[in-house]
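Residue numbers (our numbering): 357 to 984.
Beta carbons: idealized from backbone N, C-alpha and C, even for Gly.
Just so it is clear, the structure is predicted and the values come from calculations on it, not from any experiment.
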């Protein structure tokens with residue numbers, strides 16, 4: 357095994373330092389402290405449309421905590437017991453966080469269920485965790501919970517944010533109540549017994565569960581993972597050590613709160629920094645909300661950054677040639693500046709001065725166009741990010757830092773820091789964490805934020821963590837001489853060709869997506885003589901590119917068949933092959949007339965490609981690439 361750069365004694369010393377900071381504390385303690393010390397600061401903001409276009413409705417931290425206590429009392433009055441599960445299916449909005457932390461304060465365990473789960477998956481999850489209360493958005497969610505409501509006997513209360521969705525005549529089974537009535541019950545219960553929530557909260561210990569998450573279920577039934585208060589506090593502490601988010605920092609919550617990264621960044625981390633959370637209820641509106649919010653940072657999976665890159669590339673392509681030349685000249689200086697800072701190196705002072713000049717004159721206004729002019733923490737995770745996308749944003753003066761982690765270790769276990777980063781890597785091990793590689797290249801992780809196993813899955817749990825405490829991530833990777841960690845691909849996704857060559861499809865897909873026309877790519881070749889690829893056009897870039905090249909076509913399907921587009925995509929594949937090893941090179945490809953989406957079930961809720969789904973749906977196209 358090759359172990360990361362820190363000596364074991366240094367890891368233990370750092371780990372003890374973090375543990376000393378959080379010793380004996382729970383999320384309830386942190387939440388009380390921020391409300392007492394920074395109660396007047398803004399905490400939760402929701403965009404409310406009006407005749408003038410819209411405005412922000414904001415709660416302070418004191419108001420946030422008051423709402424949480426009312427909700428906690430409502431859960432207690434409804435009969436929720438210590439350690440029981442509250443299932444949530446809500447968009448990103450204040451009530452989601454209030455219900456979540458209300459459950460925690462009542463001694464319960466909140467679980468956000470992916471809104472994309474099928475009714476059968478919802479029923480499985482609700483039964484697996486023995487959910488007692490469900491808080492749902494409205495009629496659509498209630499309909500999808502039908503099988504669960506009929507089959508989970510312990511589910512006794514269903515709360516609906518949309519009061520109009522409460523059934524006029526309640527069927528047999530759980531009690532149905534509107535959010536307004538439910539929280540009203542909590543206020544009355546708290547008035548009658550002011551110590552109701554304090555008694556529940558005082559019974560919590562750091563080892564109690566703070567949340568329950570389920571994997572996205574792409575290869576079978578979802579697997580449940582509990583995270584304790586101690587694990588959450590440890591993760592938040594090391595995340596803040598790495599990022600140094602400003603006190604009162606502004607953030608944007610838009611990814612599913614069923615995802616561990618969004619949960620850490622939107623539910624837990626703001627408690628430490630008295631952050632101001634703004635909610636974007638629909639990821640398709642991200643660009644508009646970025647302009648409204650101008651956050652101090654942005655977390656996005658690679659697909660989010662690729663879409664932002666595509667939109668800005670399309671806009672810049674329409675600018676006059678002289679302006680484009682000036683922007684590219686400034687971008688070259690910015691890339692050199694950010695690249696020069698890798699490994700924690702001291703930058704050339706002349707380069708620093710040139711960057712400061714072009715940043716103020718050219719790049720800052722560009723970043724303002726996409727709402728990232730105040731961003732100091734730009735993070736990506738969930739899958740390897742195309743290095744060209746990292747370099748594109750470096751050209752805007754933005755360092756997009758890759759981190760790595762899993763639900764099974766409560767978030768990030770490695771991170772690129774502002775003062776220690778390397779392009780192409782996922783950074784150095786986080787404070788108190790150890791990372792190593794097994795003989796077959798699988799990344800192994802050890803530390804206080806690792807879970808001990810899966811809920812109700814003894815066999816899967818035994819395979820997850822070995823006798824020495826190493827969690828087996830299922831990812832193939834490497835560690836360089838400076839301790840930087842690299843992720844190649846999922847172990848189970850590796851292609852083994854008919855010739856016995858091991859190939860990581862993500863490496864091929866990343867090269868293919870370097871051309872802005874190609875929005876998505878799937879490389880295939882398991883037990884085949886050579887790799888092939890399925891490709892889709894970028895829905896934002898393709899129309900603009902076609903117009904600039906005099907191509908008239910109505911929609912992606914027509915563009916995917918146009919000879920001019922096919923020729924350009926062919927050139928892009930050839931360019932990608934020139935940067936790939938011979939065994940990785942794509943011999944044949946097919947441009948599909950569609951985009952893969954979450955709604956279409958080709959992407960996970962965190963926008964990762966479901967390779968097996970795509971392969972099954974396009975089996976005929978793949979077969980034709982080997983036979984035609």
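- Note on residue 380: under 16 other CB atoms within 10 angstroms of its CB, so exposed under the neighbour-count rule.
- Judged by DSSP secondary structure, residue 912 falls within the alpha helix (DSSP H) whose first and last residues are 912-917.
- Note on geometry: alpha-carbon atoms of residue 745 and residue 429 lie some 47 Å from one another.
- By the criterion of a C-beta distance shorter than 8 Å, residue 584 is surrounded in its chain by 562, 563, 564, 565 and 566, once the five residues flanking it on both sides are discounted.
- Taking C-beta atoms as the reference points, residue 825 and residue 812 fail to come closer than 9 Å.
- The straight-line gap separating the alpha-carbon atoms of residue 390 and residue 511 is approximately 33 Å.
- Taken in chain order, the complete beta strand (DSSP E) segments of 3 or more residues contained in the segment 819-870 are 827-835 and 841-846.
- In the three-state scheme derived from DSSP, where H, G and I count as helix and E and B as strand, residue 805 is classed as coil.
- In the DSSP assignment, residue 566 falls within the unbroken beta strand (DSSP E) covering 565-570.
- Between residue 726 and residue 668, the beta carbon gap of about 6 Å places them in contact (Cβ cut-off 8 Å).
- Assignment of beta-bridge partners to residue 441 by DSSP yields 465.
- For residue 700, no pairing in a beta bridge is given by DSSP.
- Listed in chain order, the alpha helix (DSSP H) elements of length 4 or more contained wholly in the segment 735-798 are 743-750.
- Counted as a single uninterrupted DSSP element, the alpha helix (DSSP H) harbouring residue 708 occupies residues 705-714.
- In the structure shown, residue 652 adopts coil according to DSSP, grouped into three states.
- If you check the CB distance, residue 628 and residue 386 come in under 9 Å.
- When C-alpha distances from residue 767 are compared across 792, 736 and 778, the shortest belongs to 736.
- Comparing alpha carbon positions, the residue from 851, 483 and 538 closest to residue 502 is 483.
- For residue 568, same chain residues with a beta-carbon under 8 Å away, outside a window of 5 residues either side, are 441, 465, 466, 467, 485, 580, 581, 582, 583 and 811 in chain order.
- Secondary structure remark: continuous beta strand (DSSP E) runs of at least 3 residues inside the segment 520-568, in chain order: 531-534.
- With 16 or more other Cβ atoms from the protein chains shown falling within 10 Å of its own Cβ, residue 761 counts as buried.
- C-alpha of residue 679 to C-alpha of residue 785: approximately 42 Å in a straight line.
- For residue 417, the enclosing alpha helix (DSSP H) covers residues 417-433.
- Of the residues assessed, residue 852 falls on the exposed side of the cut-off, its CB having fewer than 16 other CB atoms within 10 angstroms.
- Residue 622 and residue 455 have their alpha carbons spaced roughly 14 Å apart.
- A distance of 9 Å or more separates the beta carbons of residue 975 and residue 966.
- Residue environment analysis places residue 904 among the exposed positions, since fewer than 16 neighbouring C-beta atoms fall within 10 angstroms of its C-beta.
- By the beta-carbon neighbour count (other beta carbons within 10 angstroms, threshold 16), residue 822 is exposed.
- Of the other Cβ atoms in all chains shown, 16 or more fall within 10 Å of the Cβ of residue 530; this residue is therefore buried.
- Under the three-state reduction of DSSP, residue 672 is assigned to helix.
- Counting only residues of its own chain and dropping the five nearest sequence neighbours on each side, residue 631 has a CB closer than 8 Å to the CB of 399, 601, 604, 605, 606, 607 and 625.
- Nearest C-alpha to residue 472 among 459, 397 and 614: 614.
- Pairing residue 552 with residue 545, the inter-Cα distance amounts to about 8 Å.
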